[in-house]
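In the working numbering, the protein residues as written are 17 to 238.
Glycine included, C-beta positions come from ideal geometry on N, C-alpha and C.
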Amino acid sequence: MKDMIPKKAGDGITRRNLPAEERRRELLNAALDLFSQKGQSITVQELADRVNVTQPLVHRYFPAKADLIAAIRDTLHNAHWDPQWQEILTEGNRDLGERIKAFYAAYLPHVYNDRWYRGFWYATLEDPSFAQAYVDHVHDELLVSIANEARRAFGFASIEDVPVFEREMELIWGLHSTVIFVGIRLYVYHTPVSNDLAAIIGDQVRAYLAVAPIVLSELMPS
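Below, the structure written as structure tokens:
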């Protein structure tokens, strides 16, 4: 915005007038960037300096550092998932492989970045239960859906009739973990990765679909 609040004597900072929700979002975005660089050692003063506001203004939105960290964790956990993505996996009129690739095409742009990967690892180092909650979410919202759709595609009993097998889930975890590890190589290790990410994902999906019916046929009761 163009309107600026004049500096008060001794203030040393020029602040923009922003609606409360926009200001909170600005602060939280800056906090996420700092958290991805320093983890929980970030300070409220660093955040204030980053956004060019006063520390009391930060405390207006996050009364204590614990409130700021909680907001960061909540954003890392929940803001990168859209429940509608699950519908992509259950569109039965499309080939399963195309559905899985379409899901990752929608999902990965939200997590393939420094802020999410590095922030995720910092949050996990501080509190391992953070990662466990995310893993549970991925299992329940994504992997179980893939398992059920694979059974339907290959003509096996649904998970409602025959509960999912541990080995069956490990196979799907292998698919998902490989795709996610590409991001680790990019944003944590900072090592080169092929520019054709769609091909990488497509290869992993084909590998999963080639093995899944074999594993299911071995696991299903006769």
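DSSP three-state assignment for HIS96, whether helix, strand or coil: HIS96: coil per DSSP, three-state reduction.
Best match in PHE170, ILE175 and GLU182 for proximity to LEU225 [C-alpha to C-alpha]: LEU225 has its Cα closest to that of PHE170, out of PHE170, ILE175 and GLU182.
Exposure label - LEU239; buried when at least 16 CB within 10 Å: In the structure as shown, the chain starts at 17 and stops at 238, and residue 239 therefore has no counterpart that could be examined.
Contact set for HIS137: own chain, Cβ-Cβ below 6 angstroms, skip 5 residues either direction: The sequence as given places Trp at residue 137; His does not occur at that position. The answer is none, since no qualifying residue turns up.
Member of VAL180, LEU112, TYR205 and ASP156 whose CA lies at the smallest distance from the CA of VAL221: In terms of CA proximity to VAL221, LEU112 leads the group VAL180, LEU112, TYR205 and ASP156.
Beta-carbon proximity check, ALA163 vs GLU182, cutoff 8 angstroms: Going by C-beta atoms, ALA163 is not nearer than 8 angstroms to GLU182.
Whether LEU235 touches SER161 by CB criterion (8 angstroms): Judged by beta-carbon spacing, SER161 lies beyond the 8 angstroms limit of LEU235, meaning their Cβ atoms are not closer than that value.
Among SER145, TRP189, HIS126 and GLU37, nearest to VAL154 - alpha-carbon criterion: Of the listed residues, the one whose Cα sits closest to VAL154 is TRP189.
Straight-line Cα distance separating GLU38 from ARG168: Rounded to the nearest angstrom, the two C-alpha atoms are 45 angstroms apart.
Check whether ARG201 and THR194 have beta carbons under 8 angstroms apart: Going by C-beta atoms, ARG201 is not nearer than 8 angstroms to THR194.
Beta carbon of LEU63 nearer than 8 angstroms to that of VAL74: Taking C-beta atoms as the reference points, LEU63 and VAL74 count as a pair closer than 8 angstroms.
DSSP state of GLY26 mapped onto helix, strand, coil: Since pLDDT at GLY26 reaches only 37, below the 50 mark, its modelled position is unreliable, and no value is offered.
Classification of SER238 by the beta-carbon crowding that lies within 10 angstroms, buried from 16 upward: Classification for SER238: exposed.
Of the residues PHE172, HIS96, PRO72 and PHE119, the one placed nearest ALA214, counting alpha carbons only: Distances from the alpha-carbon of ALA214 to those of PHE172, HIS96, PRO72 and PHE119 put PHE119 closest.
Residue from ASN109, ASP212, LEU44 and ARG131 whose Cα sits closest to the Cα of ARG76: Of ASN109, ASP212, LEU44 and ARG131, the residue nearest in Cα terms is LEU44.
Exposure of ALA121, with buried meaning 16 or more beta-carbon neighbours within 10 Å: By the C-beta density criterion, ALA121 is exposed, having fewer than 16 other C-beta atoms within 10 angstroms.
Beta-carbon proximity list for GLN102, same chain, < 7 angstroms, skipping 5 on both sides: Excluding sequence positions up to five before and after GLN102, its CB lies within less than 7 angstroms of the CB of GLU157 and SER161, all in the same chain and listed in chain order.
Cβ distance (whole Å) where GLU186 is taken to contact GLY55 below 8 angstroms: With 8 angstroms as the limit, GLU186 and GLY55 do not qualify as a contact, their Cβ atoms being about 30 angstroms apart.
DSSP three-state assignment for TYR205, whether helix, strand or coil: Reduced to three states, the DSSP call for TYR205 is coil.
First and last residue of the uninterrupted alpha helix (DSSP H) at GLN53: Here the alpha helix (DSSP H) through GLN53 covers 36-54.
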